[in-house]
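Peer 1: So the protein sequences, as listed, match chains Y and X. So that you can map any letter, position 182 of the first sequence is 186 in our numbering, and since no number is skipped, the others follow by simple counting. So that you can map any letter, position 198 of the second sequence is 202 in our numbering, and since no number is skipped, the others follow by simple counting. Dropping the structure in here first, questions after.
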Amino acid sequence: MISCVSPRTSGELTVLGLDPDRDGPRIRARLGVVPQEDNLDPELTVRENLYVYGRYFDIPKMALRERIEQLLGFAQLTERGGDRVEPLSGGMKRRLTIARSLVNEPDLLLLDEPTTGLDPQARHALWDRLYRLKAQGVTLVLTTHYMDEAEQLCDRLVVMDRGRIVAGGSPRQLIERHSTREVVELRFTPGETERMAEKVSDLADRVEILPDRLLLYTADGDAVVEALGRRRLEPLSVLARRSTLEDVFLQLTGRQLVD
Amino acid sequence: MARVPALRATAYFVRTYARTWRASIMTTFVNPTLYLLAMGVGLGSFIDKSANHAVLGHLSYLQFVAPALAASAAATTAASESMFPVMGAIKWQKTYYAMLATPLRVGDVLAGHLIWIAARIATAVGSYLIVMAAFGATASFESIAILPVGLLTGTAFAAPLAAFAATQDTDGSFSLMFRLGVVPLFLFSGVFFPLSQLPVGLRVIAYVTPLWHGVDLCRRLATGTVTAPGLAGHLAYLVGVTAAGLLAARITYRRRLLV
C-alpha cells in the first residue's frame with residue numbers, strides 16, 4: 005500500500021505527504037523498494053540491471069551511468085559489474101537489489117526481510133550498508149522476523165501479530181515495557197523441569213516453563229543465580245542474560261507456531 | 005524516446021533481446037526460406053500441374069501460400085511472445101513487479117510489453133516479405149501493405165493471449181493453447197488450401213477467428229485483388245479483436261498485479 009501497488013482497503017494513508025491513490029507514480033519516484041524475493045533479471049549483467057531500472061525512473065543516461073558506478077562501489081560489486089546476475093551468490097544479489105532500490109536516490113526505502121536466507125557475513129555486510137544509508141538521512145522501513153536485525157537497525161519498531169499492531173516503541177522501550185531487564189535460563193534433567201519450577205517460582209517476576217528449560221524473568225539475573233546456590237538447586241546449566249527483543253516478541257505473540 | 009513511460013518498459017525487453025538477437029534474426033529468415041522452399045516450391049510443383057488449379061484463383065501455389073504464411077508467422081510469433089514471456093514477467097523473473105515499484109503504472113507496463121511484442125511481430129512479417137520478394141512471390145505493389153496488415157493480424161492474437169496469460173497460475177495451459185488453438189488455426193484458416201474446400205461448418209469457424217482475415221487480406225494484397233469492402237471488413241474485424249484484447253488485458257493485468 006505504501007508503494008502504491010495495493011489499493012488501500014480502508015483508513016487514511018499519506019506517503020511523503022501525498023495520496024497513494026492519486027499520486028502513485030509521483031510517490032514511487034521518491035521511493036526505493038527491496039522486495040522479499042529478488043526480482044533482478046538473471047539474463048542481464050549487474051550493470052544492465054541497474055541501468056534498465058534507472059531508466060524506468062527516466063534518469064538521464066549520463067547521470068545514470070555515473071550513479072551506477074557509485075552504487076556498484078556501495079554494494080561492493082564493482083568487479084562483478086560486467087557479469088551476468090544468475091551465477092551471483094545470494095548475498096551479492098541482495099546487495100544488488102538494495103543498490104538498485106537506491107538508483108533514484110529515494111527519500112524512503114522499503115525493505116521486506118532484507119537478510120532472510122543470508123549467511124552471517126553477508127548479513128553483517130548488508131547491515132553495514134543500511135547503517136550508512138540511515139546516517140545519510142534515508143528513512144528505512146523494514147519488515148523482519150529477525151529480532152536481532154530489528155534491534156540493530158531500528159529506531160522505532162512495531163510488533164505485528166496476525167495483521168495487528170500489538171506494541172510499538174524503541175527496542176529499549178519495548179524491552180522495558182514487555183519484559184524484565186534480564187532472563188535466567190535453567191536446564192534440569194528431563195522430567196524434573198516442572199517440579200523445579202515450583203521451587204524457584206518466588207525468585208523471579210515471572211517463570212516460563214518450556215519443555216527443555218525454565219525461563220526466569222527478573223531485574224537482576226546474578227541475584228537469582230546466587231539464590232539458586234543458597235537453595236542448593238543444581239541445574240544442568242545456568243545462563244543469565246539480558247532480555248532481548250526476541251523475548252518481547254515471544255511474550256507478545258506467543259510461542260505457538262503461526263502458519 | 006523514453007519520456008513516454010510505456011517506452012521505458014519496452015526498453016527493458018529490447019535490452020534483454022539484444023543479448024540473443026543474432027541467433028534470433030537468423031531464424032526469422034531461415035524459417036520463411038524453409039517454408040517457401042518446401043511448400044511454395046516443393047509442394048507447389050505438384051499442385052501447379054494438377055487439373056484442379058483453378059480453385060487457387062489461377063495463382064501459382066507459391067503465390068497462393070506465401071502471403072498466407074506471412075500472416076500465420078505473425079500469429080505464431082504473437083502467440084509465443086505473449087504467453088510464456090507474460091507468465092515469466094509475472095511469476096518467474098517478476099519483471100512486472102520490478103517495473104511497478106518505479107513510477108511506471110500497470111497500463112505502462114502492459115503497453116510497453118505489447119509494443120515490444122508488436123515489434124517482434126513486425127520483424128517476423130518483414131523478414132517474410134523480404135524472403136517472398138527473393139522468391140518472386142510478391143507480384144503487386146500493394147504487397148508492401150502486408151507488413152501493417154500482418155502486424156495487425158499479430159496484435160489480434162497478442163492482446164487477447166496476453167490477457168489470458170495474465171490470468172493463469174501455471175504455464176500448463178499454454179502448450180494446450182498452441183496445440184488446440186494456434187496449430188489448428190494455422191492448418192484450417194485457408195493458408196494451405198482455399199476455404200471453399202472445407203465443409204461449411206468448419207468454414208464458419210475459420211471466418212470467426214482472426215487468422216483467416218489476416219490470411220485472406222494478405223493474399224489479396226500480394227496478388228493485387230483487394231477490394232474496398234473486403235479491406236474494410238477484414239481491417240474492422242482485426243482492429244475489433246485487438247481492441248477487445250487490449251481491454252481484456254487491461255482488466256486481467258490490473259487484477260493480477262494490483263493485489
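We put the CB at the ideal spot given by N, CA and C, even for glycine.
1) Please state if the CB of Val38/Y and the CB of Leu115/Y are separated by a distance shorter than 7 angstroms.
2) Tell me the DSSP secondary structure of Ala42/X in three-state form.
3) Which whole-angstrom value describes the C-beta separation of Ala78/X and Val45/X, a residue pair presumed to lie in contact below a C-beta threshold of 8 angstroms?
4) For chain Y, check one thing: does any of its Cβ atoms lie closer than 7 angstroms to the Cβ of Tyr101/X?
5) Would you say Tyr21/X reaches chain Y, if we count a Cβ-Cβ gap shorter than 7 angstroms as a contact?
6) In the DSSP assignment, find the unbroken alpha helix (DSSP H) run with Ala3/Y in it and report its ends.
7) Can you check which of these residues, Leu155/X, Gln67/X, Thr32/X, Val153/X, is closest to Gly48/X by C-alpha distance?
8) Give the straight-line distance between the Cα atoms of Arg166/Y and Gly172/Y, rounded to the nearest whole angstrom.
9) Can you list the residues of chain Y that Leu118/X reaches, using a CB-CB cut of under 9 angstroms?
10) Leaving out five residues before and five after Met103/X in sequence, what residues of the same chain have Cβ atoms less than 7 angstroms from its Cβ?
11) Kindly list the residues whose CB is nearer than 6 angstroms to the CB of Gly85/Y, restricted to its own chain and excluding five residues on each side of it in sequence; keep chain order.
12) Which chain X residues sit within Cβ distance under 8 angstroms of Leu219/Y?
13) If we cut at 7 angstroms on Cβ distances, does Arg210/Y have a partner in chain X?
14) Can you list, in chain order, the residues of its chain whose CB lies under 8 angstroms from that of Ile63/Y, leaving out five sequence neighbours each side?
15) Using only CA atoms, which one of Asp224/Y, Ile31/Y, Glu83/Y lies nearest to Phe61/Y?
16) Are the C-beta atoms of Pro29/Y and some chain X residue less than 7 angstroms apart?
17) With distances taken between CB atoms, is the gap from Ala83/X to Leu165/X smaller than 7 angstroms?
18) Could you name the residues of chain Y that Tyr16/X contacts, counting a contact when the two beta carbons are closer than 7 angstroms?
19) List the residues of chain X that Asp111/Y touches, going by C-beta distances under 8 angstroms, in chain order.
20) Check whether the segment 91–110 of chain X and the segment 231–243 of chain X are in contact - that is, three or more C-beta pairs closer than 8 angstroms.
21) For the alpha helix (DSSP H) containing Val113/X, list its first residue and its last residue.
22) Any beta-carbon of chain Y closer than 7 angstroms to the one on Ala10/X?
23) Should Asn43/Y be flagged as near chain X, meaning a C-beta pair shorter than 7 angstroms?
24) Would you verify that the beta carbon of Met5/X is, or is not, closer than 7 angstroms to some beta carbon of chain Y?
25) From the beta carbon of Ala105/X, is the nearest beta carbon of chain Y less than 7 angstroms away?
26) Which chain X residues sit within Cβ distance under 9 angstroms of Pro118/Y?
27) Quick check on DSSP: helix, strand or coil for Ala79/Y?
28) Let me know if Pro118/Y comes out buried or exposed under the rule of 16 or more other beta-carbons within 10 Å of its beta-carbon.
29) Which runs of the alpha helix (DSSP H) fall wholly inside the segment 181–228 of chain Y and span at least 4 residues, in chain order?
30) Which one of Thr120/Y, Ser14/Y, Leu113/Y has the shortest CA to CA distance from Glu41/Y?
31) Return the CA-CA distance between Ala10/X and Gly258/Y, expressed in angstroms with no decimal places.
32) What's the gap between the Cα of Met151/Y and the Cα of Gly15/Y?
33) How close, in whole Å, do the beta carbons of Leu130/Y and Arg98/Y come, if the pair is a contact with beta carbons under 8 angstroms?
34) When the Cα atoms are used, what is the spatial distance from Thr101/Y to Pro214/X?
35) Where Met5/X and Arg19/X are concerned, what is the direct C-alpha to C-alpha distance, given to the nearest angstrom?
36) Going by CA-CA distance only, name the one from Tyr21/X, Ile51/X, Arg26/X, Ala22/X that's closest to Phe197/X.
Peer 2: The structure says:
1) Going by C-beta atoms, Leu115/Y is nearer than 7 angstroms to Val38/Y.
2) Residue state, collapsed to three classes: helix.
3) About 22 angstroms separates the CB atoms of Ala78/X and Val45/X; that is not less than 8 angstroms, and the two are not in contact.
4) For Tyr101/X, the nearest CB of chain Y lies under 7 angstroms from its own CB, placing it at the interface with that chain.
5) No, Tyr21/X lies away from the interface with chain Y (no Cβ there is under 7 angstroms from its Cβ).
6) Residue 3/Y lies beyond the residue range present for chain Y, which begins at 5 and ends at 263; the question has no answer from this structure.
7) Here the closest residue by C-alpha is Gln67/X.
8) C-alpha separation (whole angstroms): 15 angstroms.
9) Chain-ordered listing is empty here: chain Y has no CB closer than 9 angstroms to the CB of Leu118/X, the nearest sitting near 17 angstroms.
10) So the list reads Ala13, Val113, once near-sequence residues are dropped.
11) Once the five neighbours on either side are set aside, the close Cβ partners of Gly85/Y are Val50, Arg51, Leu76.
12) Those within 8 angstroms of Leu219/Y in chain X number zero; the least Cβ separation is about 40 angstroms.
13) Output row for Arg210/Y: interface = no.
14) By the criterion of a C-beta distance shorter than 8 angstroms, Ile63/Y is surrounded in its chain by Arg71, Val107, Asn108, once the five residues flanking it on both sides are discounted.
15) Relative to Phe61/Y, the option among Asp224/Y, Ile31/Y, Glu83/Y whose CA is nearest is Ile31/Y.
16) Yes, Pro29/Y counts as interfacial toward chain X.
17) With contacts defined by Cβ atoms closer than 7 angstroms, Ala83/X and Leu165/X form a contacting pair.
18) Within 7 angstroms Cβ-Cβ: Val56.
19) Chain-ordered listing is empty here: chain X has no CB closer than 8 angstroms to the CB of Asp111/Y, the nearest sitting near 14 angstroms.
20) A contact between stretches requires three or more CB pairs, one per stretch, nearer than 8 angstroms, and the segment 91–110 of chain X fails this requirement with the segment 231–243 of chain X.
21) Start and end: 110–139.
22) It does not; no Cβ of chain Y falls within 7 angstroms.
23) Judged by the 7 angstroms Cβ criterion, Asn43/Y is in contact with chain X.
24) Confidence at Met5/X is low in this model, with a pLDDT of 44, below 50, so the placement of that residue is unreliable and no value is reported for it.
25) Under the Cβ criterion of 7 angstroms, Ala105/X is counted among the residues facing chain Y.
26) None at all; the shortest Cβ gap to chain X is about 15 angstroms.
27) Reduced to three states, the DSSP call for Ala79/Y is coil.
28) Answer is buried; the Cβ neighbour count reaches 16.
29) If we require 4 residues or more, the alpha helix (DSSP H) runs fully inside the segment 181–228 of chain Y come out as 197–204.
30) If we check each option's Cα against that of Glu41/Y, Thr120/Y comes out closest.
31) C-alpha separation (whole angstroms): 48 angstroms.
32) The alpha-carbon of Met151/Y is positioned some 29 angstroms away from that of Gly15/Y.
33) Indeed they touch by this definition, with Cβ atoms about 6 angstroms apart.
34) If you draw a straight line from the Cα of Thr101/Y to the Cα of Pro214/X, it comes to about 43 angstroms.
35) In this prediction, Met5/X scores a pLDDT of 44, lower than 50, which makes its location untrustworthy; no coordinate-derived value is stated.
36) Of the listed residues, the one whose Cα sits closest to Phe197/X is Ile51/X.
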